[in-house]
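Residue numbers (the numbering used here): 72 to 310. Okay, so here's the structure we're looking at.
Following this line, the structure appears as structure tokens:
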């Protein structure tokens, strides 16, 4: 079993820890992978699946073996840490090997992201005051007032991994849309008199804002014990 690691957590929700896979666990899984490979190995002079394990190891790309070992040992080790610390990751972990010598423990640095920590504050009073000036406004206009007011309650950071994930998803949608029009991101950026880098930076800013608003609304939903996001918006509209 992997050793329980110390864990660091930032207010923005970034979680980082070191993960150690004992040499014994690595060796056992390594042998298990070789056995699995041997079942389908085709080596001259032997029937399919009948070659000796040692020969299978010699004729198989070592990186392929290691990759399969990692696929087996990492998920369970990672899941154990998540369960022990009762974390709720919102992204796939970023795993970086720091030591993977033969015959020794394997060590990794793991970074993931959970919801950020922030103080919600007296949102009801501020929203009531802001909405008082828009009693006759249309629903969309009132929603904009609600969102702008919530975002002004207090600035807080969001984990870079989350922002990157949201940005990539938005850019992927843009690329698909532009592809249908036979355009590239560079073409689109040029039409807006921007560089591709400036366009990506704008998407990152939008992603950060969207995530901040998401977490604020989620906190209000929890605070008011509301059923879902729709009920949360109805509650805010009624203030």
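Just so it is clear, CB atoms sit at the ideal spot from N, CA and C, and this is done for glycine as well.
Check: Residue from 304, 82, 94 with nearest C-alpha to residue 178; Outcome: 94
Check: Which residues DSSP lists as bridging residue 168, in chain order; Outcome: 179
Check: Buried/exposed call for residue 307, threshold 16 Cβ in 10 Å; Outcome: buried
Check: Alpha carbon of residue 96 to alpha carbon of residue 81, nearest angstrom; Outcome: 31 Å
Check: Pairwise C-alpha distance: residue 295 and residue 216; Outcome: 20 Å
Check: contact_flag[the segment 181 to 193, the segment 289 to 303] where n(CB pairs < 8 Å) is 3 or more; Outcome: yes
Check: Opposing strand residues paired with residue 78 [DSSP bridges]; Outcome: 88
Check: Same chain, Cβ closer than 7 Å to residue 110, five either side skipped, listed in chain order; Outcome: 120
Check: First and last residue of the uninterrupted alpha helix (DSSP H) at residue 212; Outcome: 210 to 222
Check: The segment 198 to 205 touching the segment 98 to 114, judged by at least three CB pairs closer than 8 Å; Outcome: no
Check: Extent of the continuous alpha helix (DSSP H) to which residue 186 belongs; Outcome: Here residue 186 belongs to no alpha helix (DSSP H), and DSSP marks it neither H nor E.
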